[in-house]
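Residue numbers (my numbering), protein chains in the order written: chain A, 28 to 275; chain B, 28 to 275; chain C, 28 to 275; chain D, 28 to 275; chain E, 28 to 275; chain F, 28 to 275. Beta carbons: idealized from backbone N, C-alpha and C, even for Gly. As the structure is a computational prediction, the values presented were derived from the model and not from experiment.
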């Protein structure tokens, strides 16, 4: 059930049975030699839509741009500064809270966004905690990384041991290949990217990871494994989402 | 050519022949009895993708949430406050400017965003105008409303005279019906919505326009006209975009 | 009735019969070879004061600095960045809302400010639309450009056809000559300034319009026409203001 | 020499002989039973214009709204929040710095603005101090309260001993009576207003000072003394301004 | 009674008998040849703790970083920009207001922070003054500079006449020597630092005051006088704090 | 080597041999029945000072207030909103970068701050990544939680298995008992606090954890174990800090 494809009256009807919404959040950033710039947004959106279907839940518009300052030395990468993302998530959530939504389940596709999204939740909660009158509508937010679900990690461990890495991974590239078979890129690359110390800004990341991969070998990606990864992620996220909704 | 479906190396290659990018910008807000909440984003994105194809130009990620405070009294509507949108557009543009993009052509689907997007451009330009050293990379931005192109207005005048209105119009609903034939909604409604004075905030808009339409009769919408509207918009925007790129 | 020349008790008395206020808003920016830097503020203030007199309405302090980043390549120009103007207008309006003012009629003298002022209104309205409790006092704002009133356009069309342009126009220069006859400047200039594509930032504007005019021939300005323009603008704005106040 | 009445070319010519500018800064706030809401702006503007004449210096547009949150319980008072004023002063100064102005001499008419204006200067200086490359144009700012000049204090001490108070003073009311003889208000009042502890917010101020005066007896004000006060202030400020300009 | 050393239940108990809190506020900035970078924080904290003991009052965490942009040309100096300090003080105060604290007595050790702290108070008050419903908890703030208390000035006048200066003073150095006898620095210096015109940014300050002192001779400092200064400051601040608490 | 106890010249000398600095960061928030409100700041500061001694490194002023919105329902808790903390950390780091510091090693005592501090680092890095000219001084930041070092976890596992919890833990309480033996609180409490789902805002946390503990039994804390925990944390952090400094 995609918010974008509902009328307002249908959305109002939905709110009578549920006040929860799924929010796909990705990023627009380089993903190595054969990864799509939209990888994180594509994966998060596709998986969220499937979770919404299976859980019979509303899915909001995808947040396609994330916190990706560290990738700005590679063409096509776009970032929201953390303060911008905090304002953006705040408006997104407070708008829907006007209508009665109060549980926001973010399905995230980008590790670089985790901390800032956590900060955004706390900015929202701080408004509530500093409100001594209790008139502000209170919301509850949660974030889950699809690539860290149990099922996904099991498949990755089996298929890509030691070659998964942490960015431009074969897993995420596989998922995009499954979703966009027409956009599979054939690019030669060294087997596994370097994985030295933690990067800081974009120049630093590029000097450490010249082709954009971080400890990964995305040449291993295939649409077939991508399909299984989606199923595994959805299989884990649906009950987790339901538990979030059901929690007192 | 969608940025989301490129690798960073492909984007880098593109920059050698063009520094221009098309940015679809819509909104997520109620669109009357039979209009989709995602109408403005859906139309802007679809038309932008077609313009990108025909002009052989890069298309960036869709900005799916706009300035829609006036619709917040209807379920499902989401707004960015103007200051948030200014920060968001600023980060979007400045990120791509790092890579060398310097011409940004926004194809807009929502009248309510026009002023704020104009303000966002001026915030970007103000950075440049206040920079006395000239070290900041200068960008040029433009916005065009697809629904105000000559071709679209001609079709609308012929098909929907006196029933087009200014929100939840038969034109935009027709375009979404063409794009999403599975999401056509059959809803009874009065022929033409009321069109009194200009609304202000969301409560005001709802009191003036109880079902969300503004002077429009979207029951007239058909996918067939939607298809023609898309073609007309694209036909007008492609040469306009090219002129923008070619301008000294 | 100028707010500046009232005591607080007189203002309180006014509020018993009206909650509307007129706000002159101009700009401080270059106006070509013979135009005053204060042109937009001078015109907006003078016309607003006359409207206030004829409509027996309160007139607030003039906002003399506008969004003028595009003129910063010419000495003496001052801009508020859009985000600054949004904060400034917000504080101006919310302060007066404390006292009970709830209708704000901005008489504007500068095209460059229109979008940002519109964004500022939406920032105010967004506060109201995101307020679910309804405790925030709701305001209604409107803006009118004096130079686009019917009467002014008729005179301009007659006196300056093809030479009015869009900046440093003979109309606005004429109005300032009427108001400040001692500050009429005699400067030689080419008959009509260039009018190529739309400018972006200040360096761009200056490269397109080397003497600051945009498609205009302000050498035609005379105080006599200025006097008639003021009368025409006031004649159109007074009933428009009254309609704004009377609207349900 | 008023910036508002110059052309950009005249301003450019001025900059060849001086990079200093005088900035009048006042406030729009209640001034007791017989004081005008615009008192602080009126006084600061008038005195600044006279200083500009005698010192042959440029005078910028008046900042007519100040930090006046404490007066908001009286009708007609308008405040900029401190953060808004900091942004506003920052834009004002940085705009003129583009043209080459680098010495800003603020003539202030409102005690409530002093701290915030000082903070605004430090925000500007912090930009410069955090700029390690030295590319940002450096400016120097100063503020002077006209009502605290030696000459003004001498007259006040002689004319109003024990009745000057600190707000809605006979001195400032006298100055406005001299400037606006048509707006002299005849209002009965108790001889001297109360002067208890320092106020905080607007409700607090009103509870301590029910008619808006603070320790003052503005019924003593006459235009004749107002004229002398202006002369005294200007007499002190002109050499002080010149010393500011001349300082290495 | 230090907040840091209480449990929440103890703090809750305190609130039953008092809603006042003392807040030490200092700075981290160069203090001349023999002064510690932490001088202002050290003095404010130590004196505040003593005042808290004698007044049986709660003392909050020390704000150790102040507005010190002007010292940034000397190693080790740290500043909060004014806007940052305003946000910081706002959060500090609003957090404690949640629990019921409503009187905040800042004991300040740094002249450069005075204006910005005043602006921060007004930002807090502006929230209250713009709140028309009265639901926001109202607070009252005060600041006192320990070095300007009567007792301190008397000792300084006696011990350091003409050599006290306004920064890196013998008084404040003496107090730190008393508090940190192990960190007394022996550094040769000229008798009294220069004291020309007022500085602006950090490069300006350093050019005027090459070793960081401003008109002072801190070589005179001794722990013995430091001890007396502390006693004097505390002696003056305790009754002043009590009066602040007792005020209606 | 505490920055607070150095002169600027000593700091300058230090910078000749090292550009790294340790920054203690804690929080001021309730810590259950027997924990001090300052627990997180006290632990982070004390451990940082010891690490500084053993690593012969500079230690900056403690950031004593963290992101603690979730504790605001308990008296004495203070929070910085995430956006405030981002501004604060930004100013702290950029100030020291002026002097040449470029490696910032934060020793953190509060889990609730981790995400926001990560966001703050990315705000700093985003400035660098968006700076196309490379003129901004680049910094590198790292954060370590002392309570998650290997040595600390080993002791906790041995001493407090199943009773450590995640807030108001026996480990952190033990450390404060070692540091402040005079402030050990004797308070009766149930053996282990509840540990249900993740909390959101402060009301939510208090409803889940009525006495402020989260899954912990801090009645087990003793100063003796506290002493060993400090030694273990320092033992792990010193080489980690050195590796951070030595990294290319």
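According to DSSP, is residue i helix, strand or coil?
i: residue 169 (chain C); result: strand
i: residue 197 (chain E); result: helix
i: residue 34 (chain F); result: coil
i: residue 58 (chain F); result: strand
i: residue 256 (chain E); result: helix
i: residue 105 (chain A); result: strand
Using only the alpha-carbon positions, how far apart do residue i and residue j sit?
i: residue 36 (chain C); j: residue 137 (chain D); result: 20 Å
i: residue 273 (chain B); j: residue 81 (chain B); result: 16 Å
i: residue 250 (chain C); j: residue 92 (chain B); result: 49 Å
i: residue 131 (chain E); j: residue 83 (chain D); result: 47 Å
i: residue 60 (chain E); j: residue 217 (chain E); result: 10 Å
i: residue 245 (chain F); j: residue 85 (chain E); result: 25 Å
i: residue 172 (chain B); j: residue 134 (chain B); result: 6 Å
i: residue 259 (chain F); j: residue 193 (chain F); result: 19 Å
i: residue 101 (chain E); j: residue 239 (chain E); result: 8 Å
i: residue 267 (chain A); j: residue 66 (chain F); result: 34 Å
i: residue 241 (chain B); j: residue 90 (chain A); result: 29 Å
i: residue 257 (chain C); j: residue 34 (chain B); result: 60 Å
i: residue 79 (chain E); j: residue 140 (chain E); result: 22 Å
i: residue 285 (chain A); j: residue 144 (chain F); result: Given a span of 28 to 275 for chain A in the structure shown, any question on residue 285 (chain A) remains unanswerable.
i: residue 264 (chain B); j: residue 254 (chain B); result: 16 Å
Within a Cβ cutoff of 8 Å, which residues of the same chain sit near residue i, ignoring the five residues on either side of it in sequence?
i: residue 151 (chain E); result: 116, 117, 120, 121, 166 and 168
i: residue 42 (chain B); result: 126, 127 and 128
Which residues in the same chain as residue i place their Cβ atom closer than 7 Å to its Cβ, once the five residues preceding and following it in sequence are excluded?
i: residue 214 (chain B); result: 60 and 61
i: residue 75 (chain E); result: 49, 51, 86 and 134
i: residue 190 (chain F); result: 197, 219, 243, 244 and 247
At which residues does the beta strand (DSSP E) containing residue i begin and terminate?
i: residue 135 (chain F); result: 130 to 135
Determine the extent of the alpha helix (DSSP H) in which residue i is found, giving its start and end residues.
i: residue 47 (chain B); result: Not the alpha helix (DSSP H): residue 47 (chain B) falls in the beta strand (DSSP E), residues 47 to 52.
i: residue 212 (chain D); result: Here residue 212 (chain D) belongs to no alpha helix (DSSP H), and DSSP marks it neither H nor E.
i: residue 149 (chain F); result: 141 to 157
i: residue 110 (chain A); result: 109 to 126
i: residue 96 (chain F); result: Segment: none, residue 96 (chain F) is in no alpha helix (DSSP H) and carries neither H nor E.
i: residue 231 (chain C); result: 229 to 235
i: residue 73 (chain A); result: 66 to 82
i: residue 183 (chain B); result: 177 to 187
Given residue i, which residues of its chain have a CB within under 6 Å of its CB, disregarding the five upstream and five downstream residues?
i: residue 87 (chain F); result: 30, 48 and 50
i: residue 248 (chain C); result: 197, 200, 201 and 204
i: residue 237 (chain A); result: none
i: residue 72 (chain E); result: 51 and 89
i: residue 186 (chain E); result: 252
Practice item. Report the residues of the region 158 to 183 of chain C with a CB closer than 7 Å to any CB of chain E, ordered along the chain. Key: Of all residues in the region 158 to 183 of chain C, the ones placed with a Cβ closer than 7 Å to any Cβ belonging to chain E are 162 and 164, in chain order.
**Study point:** Interfacial residues, the region 203 to 220 of chain E to chain D, with Cβ spacing under 7 Å
**Key:** Residues of the region 203 to 220 of chain E with a Cβ closer than 7 Å to any Cβ of chain D: none.
Review point. Going along the chain, which residues of the region 138 to 151 of chain B sit with their C-beta nearer than 7 Å to a C-beta in chain C?
Key: Listed in chain order, the positions of the region 138 to 151 of chain B with a beta carbon within less than 7 Å of a beta carbon of chain C are 142, 143, 145, 146, 149 and 150.
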